[in-house]
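Using the working numbering, the first residue of the sequence shown is number 518, and each one after it goes up by one.
See below for the structure under consideration.
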Amino acid sequence: MAKSGVAFSPKEFSVWVRGETAAGTSAIGTSMYQLDVDSVGFPTLNATQVLDVRSGGRFLKDEDFFQDNVMRVTEFSISGTMHLDTGHQLLMQNICNDYSGDTTTVAATYAPPKIQYENGDGSAVTNPTAGDTITVVIAGPDEVTGTANIQVTNSTTIELAGCVVTNFALSADMGTEGGRYKFSATLQTGIKPDLDETTVVGGTPYANSTDKLFSSSSEHLVKGIEVVMHNFTATLDNPAIFYGVSGNGYEGVTRGSEFGVTFDTQIKYDALTKGLVNSFDTQGITTADLFQFTNDAAFGVDIDNGVLTNVAYSEGDIMMLEVSGKATSDGSVALISIDVA
């Protein structure tokens, strides 16, 4: 058999997403949204294998090998440039369970959506909100970006239905790419992935007119103090728990016991911020402007309630402070609000 002379770069793979109407029912097709990814963290397949030597010999026997590819959680990560468009916002909306309004928030009244991949008789269950689960497609290099795609045979496409976002980070650094917003996300699914998909994939590619810049932000506050902010990362961590059994994987998915909202930022050490080290050492709960900056319709961030978890001196060309914090809930104010409209 002749060998293939075709070779691909890992950068040639593209990532496409679309919210699902029914949990675990794939939305693959030509109406998906492309993500602007720097790198694709290919799925950890987590197939179950039993390779133990059984009684009656020193070696693993052919008849004792076992593998299952149904009851498993498939996890993967993606990262890239954040855009204010349907595809990129879907990742943030999914983890927050918030799909409307001028801001995407983690509400103080947050409750995870009731997601069932099937209702016990093998039928798909409609999501409470379209997008509570996501179909993610890692398209092979033979896919041509756009709406008129042609699938050929030198690569395969990976289809992952029933995904939920378990971790999402929004960040920007004034020293990197002019302060363009970046994102990273971890997703999981309890539905068996299709690793040999042949469906044509396409839809709406990302545009260079929808990326946003930290340089358009203003009113940077840490613990109510006006600061000079060099960078930030806001992280949402909302683990998934899969339960039940079905022919395609798990029966449903819910969320873990804690939804964590944290931030990290580097700010200038000066006459206004010099007291933050002592404030951290003697602090109580901050109830307003723990971490905030304005950036209308460009991912402005507001965390009112919370505590500082670290304040440390950072030596550089000028003295800086590394500040970290965690949002807390007073039962009414959102843990975090991100301006998207």
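Just so it is clear, CB atoms sit at the ideal spot from N, CA and C, and this is done for glycine as well.
As the structure is a prediction and not an experimental result, all values here were calculated from the model.
Self-check item: Straight-line Cα distance separating Val681 from Ser596
Solution: 16 Å
Quiz prompt | Where Val681 falls: helix, strand or coil (DSSP) | solution = strand
Quiz item: Should the region 767-784 be regarded as contacting the region 742-752, the criterion being three or more beta carbon pairs within less than 8 Å?
Solution: yes
Quiz item: At which residue ranges does the region 781-842 contain complete beta strand (DSSP E) runs of 3 or more residues, listed in the order of the chain?
Solution: 808-811, 818-820, 823-831
Quiz item: Do you know whose CA, among Val554, Ile632, Ser572, lies nearest Phe759's CA?
Solution: Ile632
Quiz item: Among Ser849, Met599, Thr826, which has the Cα closest to the Cα of Val690?
Solution: Here the sequence assigns Asp to residue 690, which means Val is not the residue at that position. Closest by alpha carbon: Met599.
Exercise. Could you tell me the distance, in whole angstroms, from the CA atom of Ala544 to the CA atom of Leu601?
Key: 21 Å
Quiz prompt | Which residues DSSP lists as bridging Phe700, in chain order | solution = Gly597, Leu687
Quiz item: Using CA coordinates, which residue listed in Gly707, Ala641, Thr652, Ala851 is at the minimum distance from Ile820?
Solution: Ala851
Quiz prompt | Three-state class that DSSP yields for Gly720 in the structure shown | solution = The three-state secondary structure of Gly720, taken from DSSP, is strand.
Quiz item: What is the rounded straight-line gap between the Cα of Val567 and the Cα of Val587?
Solution: 14 Å
Quiz item: Which of helix, strand or coil does DSSP assign to Pro629?
Solution: coil
Quiz item: Is the distance from the Cβ of Gln499 to the Cβ of Tyr723 below 7 Å?
Solution: Outside the modelled stretch of the chain, which goes from 518 to 858, sits residue 499, for which no answer is possible.
Exercise. Please confirm whether Ala805 and Thr650 have their CB atoms less than 7 Å apart.
Key: no
Quiz prompt | Cutoff 6 Å; reference Thr542; Cβ partners in own chain excluding five residues on either side | solution = Ala641
Exercise. List the whole-angstrom C-beta distance separating Gly817 from Phe810, where the pair is believed to meet the contact cut-off of C-beta under 8 Å.
Key: Confirmed, Cβ separation roughly 6 Å.
Exercise. Tell me where the alpha helix (DSSP H) around Thr603 begins and ends.
Key: 603-613
Quiz item: Going by C-alpha distance, which of Arg589, Phe685, Val744 is nearest Thr622?
Solution: Phe685
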